[in-house]
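Asker: Letter by letter, the sequence shown follows residues 1 to 529 in UniProt numbering. First the structure, then my questions, so here it is.
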Amino acid sequence: MDVLYRAGETHQGISTYTPRLLSIDLQGSLGSLSSSGSLYNRRPSPNPSSVLTWTGKISRLVSEPHKKNIFLQSIDEEEHEKERVVENGVEKCIPPNQVEDRDRVECLESDVHFWTDFSKVHYHPRSLYELHGSWTEIQTFDNYGIGREVFAGGLQGEELNERLRFFIEECDHIQGIQFIVDDSGGFSSVAADFMENIADDYASMPVLLYAARHPGAYMDLLSHKQSISRMLHDAVSLSKLSSLCKLLMPIGLPSLTESKLSTFLHIEDAKTYHSSAVYAAALHSACLPFRMEMPGPTADSSYAAGAIDINGIVQTLAGQAHQNMITILDVAMPAPSLIGEHGSGCFQRSVHSLTPEIAEDVEDLQSVESFSVLGAFHSGGYRASISEVEDSFYSAYQQITNPKFLHLSAAVCPLPIPLPFPSIFGNLVGQQGELLSSPIPGSKPRGSLDVSSIPMATRLRSSNAILPFIEKRLGNLRRFGICRGAAGGQLLQSWGLERKSWKIWGSHYLRWLCCLMTLKCTVTQIRFC
Numbered sequence: 001m002d003v004l005y006r007a008g009e010t011h012q013g014i015s016t017y018t019p020r021l022l023s024i025d026l027q028g029s030l031g032s033l034s035s036s037g038s039l040y041n042r043r044p045s046p047n048p049s050s051v052l053t054w055t056g057k058i059s060r061l062v063s064e065p066h067k068k069n070i071f072l073q074s075i076d077e078e079e080h081e082k083e084r085v086v087e088n089g090v091e092k093c094i095p096p097n098q099v100e101d102r103d104r105v106e107c108l109e110s111d112v113h114f115w116t117d118f119s120k121v122h123y124h125p126r127s128l129y130e131l132h133g134s135w136t137e138i139q140t141f142d143n144y145g146i147g148r149e150v151f152a153g154g155l156q157g158e159e160l161n162e163r164l165r166f167f168i169e170e171c172d173h174i175q176g177i178q179f180i181v182d183d184s185g186g187f188s189s190v191a192a193d194f195m196e197n198i199a200d201d202y203a204s205m206p207v208l209l210y211a212a213r214h215p216g217a218y219m220d221l222l223s224h225k226q227s228i229s230r231m232l233h234d235a236v237s238l239s240k241l242s243s244l245c246k247l248l249m250p251i252g253l254p255s256l257t258e259s260k261l262s263t264f265l266h267i268e269d270a271k272t273y274h275s276s277a278v279y280a281a282a283l284h285s286a287c288l289p290f291r292m293e294m295p296g297p298t299a300d301s302s303y304a305a306g307a308i309d310i311n312g313i314v315q316t317l318a319g320q321a322h323q324n325m326i327t328i329l330d331v332a333m334p335a336p337s338l339i340g341e342h343g344s345g346c347f348q349r350s351v352h353s354l355t356p357e358i359a360e361d362v363e364d365l366q367s368v369e370s371f372s373v374l375g376a377f378h379s380g381g382y383r384a385s386i387s388e389v390e391d392s393f394y395s396a397y398q399q400i401t402n403p404k405f406l407h408l409s410a411a412v413c414p415l416p417i418p419l420p421f422p423s424i425f426g427n428l429v430g431q432q433g434e435l436l437s438s439p440i441p442g443s444k445p446r447g448s449l450d451v452s453s454i455p456m457a458t459r460l461r462s463s464n465a466i467l468p469f470i471e472k473r474l475g476n477l478r479r480f481g482i483c484r485g486a487a488g489g490q491l492l493q494s495w496g497l498e499r500k501s502w503k504i505w506g507s508h509y510l511r512w513l514c515c516l517m518t519l520k521c522t523v524t525q526i527r528f529c
């Protein structure tokens with residue numbers, strides 16, 4: 001199903017296949033890629049000297065374009081390798097310059113500065129948007145207040161609304177909108193203002209939000225004032241964004257290098273190229289149910305099963321006992337065999353959280369889970385069928401008391417590892433992503449030249465394990481914002497946030513706590529200081 005991609009056509013009649021995507025970033029963040037993409041002819045910039053109404057001196061400032069790395073250069077050459085010339089009546093191919101795959105891999109590991117440096121995809125001219133403004137460094141766009149200036153004038157907000165409307169109106173049937181937001185800085189308030197407009201225009205459309213952060217977002221701050229700003233930003237961001245979506249998933253650990261994923265992965269926290277690959281793989285797997293064909297007379301359940309749309313997953317996770325819309329994302333990458341050395345249930349225990357600051361090993365009888373499994377192996381080393389995946393799961397869950405409800409989606413196809421994927425796999429990962437009993441000789445991390453695909457498993461869960469995450473932000477909001485004489489009161493006001501809003505946000509947190517702690521309490525029973 002073309003859920004994430006759209007078919008189109010250029011003015012020259014050339015067929016195109018581009019993502020259903022609206023990307024918003026700072027000016028200068030696209031590297032060597034133009035904001036209009038590469039599929040359509042760009043109009044030449046007007047020559048200032050041709051403006052006859054001005055007779056004074058003209059100064060023209062043009063920034064040097066970013067040079068494409070070896071990987072992107074080789075992609076361009078591949079697209080032109082079918083160019084043909086006629087010599088003496090015979091068609092001949094023009095061979096491209098030969099670039100070894102190993103050179104491309106080394107280039108990506110050492111020469112990635114923008115996300116476009118490893119992107120092979122063509123983008124629609126309406127997909128890529130750079131915010132106009134004076135921000136040249138991401139460090140200056142680091143709090144909730146500064147992002148609110150983007151929509152203050154109205155013009156940029158109107159243009160973004162028009163771009164989104166273009167993609168929505170060309171859909172025959174739209175499930176909802178998936179947002180991926182770096183909520184560690186100003187983009188949190190940009191997203192909030194944008195989502196408010198969406199709520200006005202598309203009130204009944206479910207919005208699914210992934211609040212993602214890279215390891216660098218957790219770096220130690222130099223001053224006490226900066227620390228207070230960061231803590232208040234986190235508290236305000238979560239409360240505001242959660243009020244504008246149906247389901248919110250915080251994603252991003254302080255360190256992937258030191259996480260449980262490091263058993264089979266070699267990740268350098270300093271490289272967002274590495275961490276983004278892990279999070280992208282997890283999100284790709286988690287949204288598998290949305291991309292499946294719904295059950296029907298023509299559906300083939302031998303390759304995939306467990307389809308559910310965005311509204312269905314919202315009702316499953318946020319509409320059950322806890323009424324909790326802040327969801328935990330767990331992942332197994334690569335996933336082990338369904339029946340491992342330690343017997344039934346080891347597959348379910350192999351997933352580890354990508355959501356920070358949660359409680360470990362919590363027994364929650366009211367928890368709700370949605371599992372997605374891609375290309376799992378059976379105990380014999382062969383790909384498990386859909387029925388074998390289902391039988392394995394239901395057998396394992398009969399032996400435990402939680403979760404209260406489980407939704408399972410499964411696909412026979414594993415996660416492919418294309419060439420841009422970073423070299424992050426350890427020497428216990430085989431060519432098909434199988435976990436080996438003995439390491440492969442050699443100490444170098446393995447990538448797309450060594451591993452062609454991997455089995456994946458992701459779990460979305462609504463559980464009271466999220467309590468520490470919520471309690472920390474409520475505590476910081478009360479301590480530095482709501483309490484009389486709090487150190488961050490003036491800071492919140494400088495962000496354009498009124499005092500009455502602070503207590504509303506605090507009420508949001510208290511409602512979550514009451515639901516998750518299964519207490520018969522109301523917000524009025526808990527007073528602010």
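Cβ coordinates follow ideal geometry from the N, Cα and C atoms, glycine included.
Among the candidates Ser423, Gln348 and Pro334, whose CA atom is the shortest distance from the CA of Ala282?
Answerer: For the purposes of this step, residue 282 is taken as residue 282 along the sequence shown, with counting starting at 1. Here the closest residue by C-alpha is Pro334.
Asker: Can you tell me where the beta strand (DSSP E) with Phe371 in it begins and where it stops?
Answerer: In the sequence shown, residue 371 corresponds to position 371, counting from 1. For Phe371, the enclosing beta strand (DSSP E) has its first and last residue at Val368 to Leu374.
Asker: When DSSP labels each residue in this structure, what does Gly506 get in the three-state scheme?
Answerer: Residue mapping note: residue 506 aligns to position 506 of the sequence shown, counting from 1. The answer is helix: DSSP assigns Gly506 an H, G or I state.
Asker: I need the boundaries of the beta strand (DSSP E) containing Arg6, first residue and last residue.
Answerer: In the sequence shown, residue 6 corresponds to position 6, counting from 1. Residues Tyr5 to Glu9.
Asker: Answer with buried or exposed for Met456, where buried requires no fewer than 16 other C-beta atoms within 10 angstroms of its C-beta.
Answerer: As a first step, residue 456 is located in the sequence shown; it is residue number 456 there, counting from the start. Around the Cβ of Met456, a 10 Å sphere holds 16 or more other Cβ atoms; the residue is buried.
Asker: Which of helix, strand or coil does DSSP assign to Phe179?
Answerer: As a working mapping, residue 179 is identified with position 179 in the sequence shown. Phe179 falls in the strand class under three-state DSSP.
Asker: Report the residue from Asn197, Phe179 and Gly186 whose alpha carbon sits nearest the alpha carbon of Glu159.
Answerer: By one-based count along the sequence shown, residue 159 stands at place 159. Of the candidates Asn197, Phe179 and Gly186, the one whose C-alpha sits nearest the C-alpha of Glu159 is Asn197.
Asker: Name the one or two DSSP bridge partners that Phe377 has.
Answerer: Position 377 of the sequence shown, counted from the start, is the residue given in the question as residue 377. Looking at the DSSP assignment, Phe377 forms a beta bridge with Arg383.
Asker: Thinking C-alpha only, which one of His214, Ser275 and Ile466 is nearest Ile358?
Answerer: In the sequence shown, the residue the question calls residue 358 occupies position 358. Among His214, Ser275 and Ile466, the Cα nearest to that of Ile358 belongs to Ile466.
Asker: I'd like the list of long-range same chain contacts for Gly489, defined as Cβ closer than 7 angstroms, with 5 residues on each side in sequence excluded.
Answerer: On the sequence shown, position 489 is the one that residue 489 refers to. Answer for Gly489: Gly481, listed in chain order.
Asker: Between which two residues does the alpha helix (DSSP H) harbouring Thr272 extend?
Answerer: Walking along the sequence shown from the start, residue 272 turns up at place 272. That run of the alpha helix (DSSP H) goes Thr272 to Ala286.
Asker: Report the rounded CA-to-CA distance for Phe151 versus Thr458, giving the unit in angstroms.
Answerer: Your numbering for residue 151 matches position 151 in the sequence shown. Your numbering for residue 458 matches position 458 in the sequence shown. Their backbone Cα atoms lie some 35 angstroms apart in a straight line.
Asker: Give the DSSP-derived three-state secondary structure of His407 in the structure shown.
Answerer: Taking the first residue of the sequence shown as 1, we reach residue 407 at position 407. Residue state, collapsed to three classes: strand.
Asker: To the nearest whole angstrom, what separates the beta carbons of Tyr123 and Pro19, a pair I think is in contact under 8 angstroms?
Answerer: The residue labelled residue 123 in the question sits at position 123 within the sequence shown. The residue labelled residue 19 in the question sits at position 19 within the sequence shown. Contact between Tyr123 and Pro19 holds: their C-beta atoms lie close to 7 angstroms from each other, under 8 angstroms.
Asker: Do you know offhand how far Phe71's Cα is from Tyr202's?
Answerer: The residue given as residue 71 occupies position 71 in the sequence shown. The residue given as residue 202 occupies position 202 in the sequence shown. If I take the Cα positions, the gap works out to 40 angstroms.
Asker: What's the call for Arg102, buried or exposed, on a 16-neighbour Cβ count within 10 Å?
Answerer: For the purposes of this step, residue 102 is taken as residue 102 along the sequence shown, with counting starting at 1. So Arg102 counts as exposed.
Asker: Could you have a look at Ala212 and say whether DSSP puts it in helix, strand or coil?
Answerer: Residue 212 sits at position 212 when you count from the first residue of the sequence shown. Note: Ala212 maps to strand in three-state DSSP.
Asker: Please report how far the alpha carbon of Thr272 lies from the alpha carbon of Asp182, in whole angstroms.
Answerer: Here residue 272 is taken as the residue at index 272 of the sequence shown, counted from 1. Here residue 182 is taken as the residue at index 182 of the sequence shown, counted from 1. For Thr272 and Asp182, the distance between alpha carbons rounds to 13 angstroms.
Asker: At the level of alpha carbons, what is the spacing between His214 and Glu268?
Answerer: Within the sequence shown, the letter at position 214 stands for residue 214. Within the sequence shown, the letter at position 268 stands for residue 268. Each residue's Cα considered, the two are about 11 angstroms apart.
Asker: Three or more beta-carbon pairs under 8 angstroms between the segment 443-453 and the segment 299-314, yes or no?
Answerer: Contact fails: fewer than three Cβ-Cβ distances are below 8 angstroms.
Asker: Which residue comes first and which comes last in the alpha helix (DSSP H) that contains Ile24?
Answerer: For the purposes of this step, residue 24 is taken as residue 24 along the sequence shown, with counting starting at 1. Counting along the chain, no alpha helix (DSSP H) covers Ile24; the unbroken beta strand (DSSP E) around it starts and ends at Ser23 to Leu26.
Asker: I need the DSSP call for Glu159, collapsed to helix, strand or coil.
Answerer: The sequence position of residue 159 within the sequence shown is 159, counting from 1. The answer is helix: DSSP assigns Glu159 an H, G or I state.
Asker: Does DSSP classify Ile168 as helix, strand or coil?
Answerer: As a working mapping, residue 168 is identified with position 168 in the sequence shown. Helix.
Asker: Within this structure, are the beta carbons of Arg291 and Glu170 separated by less than 8 angstroms?
Answerer: Taking the first residue of the sequence shown as position 1, residue 291 is located at position 291. Taking the first residue of the sequence shown as position 1, residue 170 is located at position 170. In this structure, Glu170 does not lie closer than 8 angstroms to Arg291 by Cβ.
Asker: If we define contact as Cβ-Cβ less than 8 angstroms, is Ile58 a contact residue for chain D?
Answerer: Note that chain D does not occur in the displayed structure, where there is just one protein chain.
Asker: Please state the DSSP three-state secondary structure of Glu196.
Answerer: Position 196 of the sequence shown, counting from 1, holds the residue named residue 196. Glu196 falls in the helix class under three-state DSSP.
Asker: Check whether the segment 421-434 touches the segment 388-397, counting contact only when three or more Cβ pairs, one atom from each stretch, lie closer than 8 angstroms.
Answerer: no
Asker: Since Val331 sits in a beta bridge, which residues does DSSP pair it with?
Answerer: What you label residue 331 is simply residue 331 of the sequence shown in a count that begins at 1. According to DSSP, which records beta bridges pairwise, Val331 is partnered with His352 and Thr458.
Asker: Counting only the same chain and skipping the five closest in sequence on each side, list residues whose C-beta sits under 8 angstroms from that of Gln175.
Answerer: Reading the sequence shown from its first residue, position 175 is the one you call residue 175. So the list reads Val3, Pro206, Phe290, Asp309, Ile310 and Asn311, once near-sequence residues are dropped.
Asker: Along the chain, where does the alpha helix (DSSP H) containing Thr316 start, and where does it finish?
Answerer: The count along the sequence shown starts at 1 and reaches residue 316 at position 316. Run containing Thr316: Ile310 to Ala318, per the alpha helix (DSSP H) assignment.
Asker: Which of the three DSSP states is assigned to Ser229 in this structure?
Answerer: Counted from its first residue, the sequence shown places residue 229 at position 229. Of the three classes helix, strand and coil, the one that applies to Ser229 here is helix, per DSSP.
Asker: Take Phe405 as the anchor and find which of Pro468, Ser438, Leu365 and Arg383 has the nearest alpha-carbon.
Answerer: In the sequence shown, counting from the first residue as 1, residue 405 sits at position 405. Of the listed residues, the one whose Cα sits closest to Phe405 is Leu365.
Asker: Would you mind giving the Cβ-Cβ distance between Asp117 and Arg473, rounded to the nearest angstrom? I have them listed as a contact below 8 angstroms.
Answerer: Your numbering for residue 117 matches position 117 in the sequence shown. Your numbering for residue 473 matches position 473 in the sequence shown. Between Arg473 and Asp117 the Cβ distance is about 34 angstroms, and since that is not below 8 angstroms, they are no contact.
Asker: For Gln226, count the other beta carbons within 10 Å of its own beta carbon; 16 or more makes it buried, fewer makes it exposed. Which is it?
Answerer: Position 226 of the sequence shown, counted from the first residue, corresponds to residue 226. The residue in question, Gln226, is exposed, as its Cβ has fewer than 16 Cβ neighbours within 10 Å.
Asker: Note down, in chain order, each residue of its chain lying with its Cβ closer than 8 angstroms to the Cβ of His274, except the 5 sequence neighbours on either side.
Answerer: By 1-based counting over the sequence shown, the position of residue 274 is 274. Result list for His274: Leu256, Ile267, Glu268, Pro422 and Ile424, in chain order.
Asker: Using a threshold of 8 angstroms, state whether the C-beta atoms of Gly147 and Ser188 are closer than that.
Answerer: Within the sequence shown, numbered from 1, the residue matching residue 147 stands at position 147. Within the sequence shown, numbered from 1, the residue matching residue 188 stands at position 188. Cβ atoms of Gly147 and Ser188: closer than 8 angstroms.
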